[in-house]
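Participant:
In the numbering used here, the protein residues as written are -13 to 113.
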């Protein structure tokens, strides 16, 4: 797993996947829930439609080309898997969590414990 930072969360994504679109729409919320662990986008396709849909995403979060995304998804999920799918990688580079549904901040919270990540960032005090 030399290509990805450890620890990290990899979100497998495709433009035709409606739940994947919702994940991208909530990316800021997922980033906050995961911080300081990076959430990386692994697009399954590299075509104009996909590039347009992901145009506003920070390039640092776009770590994989299509071939690598498919290869990682196959390896991480033990074979063929549908979307949405995401995996958590611990500090040793091992997959420590798999979600075969849309990723949520709650799932990230469970991965924090499961993967041995640091505690979640403190919530801002109420006004």
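Glycine residues also receive a C-beta, built at the ideal position from the N, C-alpha and C atoms.
Do the CB positions of residue 101 and residue 83 come within less than 8 Å of each other?
Facilitator: Yes.
Participant: Provide the residue span of the alpha helix (DSSP H) that contains residue 10, from first to last.
Facilitator: From DSSP, the alpha helix (DSSP H) with residue 10 extends over 4 to 11.
Participant: Per the DSSP calculation, residue 28 is bridged to which residue(s)?
Facilitator: Answer by DSSP bridge pairing, in chain order: -2.
Participant: Residue 23 by DSSP, collapsed to three states: which one?
Facilitator: In the structure shown, residue 23 sits in coil (DSSP, three-state: anything other than H, G, I, E or B).
Participant: Is it the case that the Cβ atoms of residue -4 and residue 28 are separated by a distance below 8 Å?
Facilitator: Yes.
Participant: Alpha carbon to alpha carbon, what distance is there between residue 89 and residue 16?
Facilitator: Their backbone Cα atoms lie some 8 Å apart in a straight line.
Participant: Looking at residue 99: is its Cβ nearer than 8 Å to the Cβ of residue -7?
Facilitator: No.
Participant: Between which two residues does the beta strand (DSSP E) containing residue 39 stretch?
Facilitator: Counting along the chain, residue 39 falls outside any beta strand (DSSP E), though it belongs to the alpha helix (DSSP H) covering 34 to 39.
Participant: Residue 94 and residue 20 look like a contact to me (Cβ under 8 Å); what is the Cβ gap, rounded to whole Å?
Facilitator: At roughly 5 Å, the Cβ-Cβ gap stays under 8 Å, so residue 94 and residue 20 are in contact.
Participant: Specify the secondary structure class of residue 42 as computed by DSSP and reduced to three states.
Facilitator: Residue 42: coil per DSSP, three-state reduction.
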